Amino acid sequence: MRYLMLVLDTPDAPADPVGVPDIETWVRDTYDSGRAIIGDRLRPPADAVGVQVRTGEVVVTDGPFTETKEVIAGFDILEAPELDEAIRIAAAHPMAHTGAIELRPFWPLGLDGDTEA
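Per UniProt numbering: the sequence shown = residues 1 to 117.
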């Protein structure tokens, strides 16, 4: 099962967190084991744009465009046999200690014969 792991920067992050794992170690361990497929940091919300189509016209808005205090700072695509393993991987990420992690399982469209829904 694949999971999208959203890495969130939160306003309630502890000022001086203790015991935060090293990001380089997490990346090496997770990617070398085949538990992560791809991931990256994201530019700040001020660099984002929103795209909508309304009455046939494309409407583009400058970011930030959501009313939220959390910011998606990055992502990873995880490959884990079950949710408990994805949670273990996410809990070892430094941002689980200083921000937040959201895990979302993929929901295959079934277009290529994949019937898992």
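Ideal Cβ positions, reconstructed from N, Cα and C, are used throughout, including at glycine.
These figures come from a predicted structure and were not determined experimentally.
Rounded to a whole number of angstroms, what is the C-alpha to C-alpha distance between residue i and residue j?
i, j, result
"W106", "A15", "Note that residue 106 is Phe in the sequence shown here, rather than Trp. If you take the alpha carbons of F106 and A15, they lie about 33 Å apart."
"L6", "L78", "10 Å"
"W26", "I37", "13 Å"
"G56", "I72", "29 Å"
"F75", "L4", "7 Å"
"K69", "P11", "6 Å"
"H93", "S33", "15 Å"
Below 9 Å between beta carbons: does that hold for residue i and residue j?
i, j, result
"D9", "M95", "yes"
"L83", "M1", "yes"
When burial is assigned at 16 or more other CB atoms within 10 Å of the CB, is residue i buried or exposed?
i, result
"G63", "exposed"
"G99", "buried"
"T30", "buried"
"A90", "buried"
"I23", "exposed"
"A80", "buried"
"A13", "exposed"
Cα-Cα, which of the options is closest to residue i?
i, options, result
"A46", "T61, Q52 and R54", "T61"
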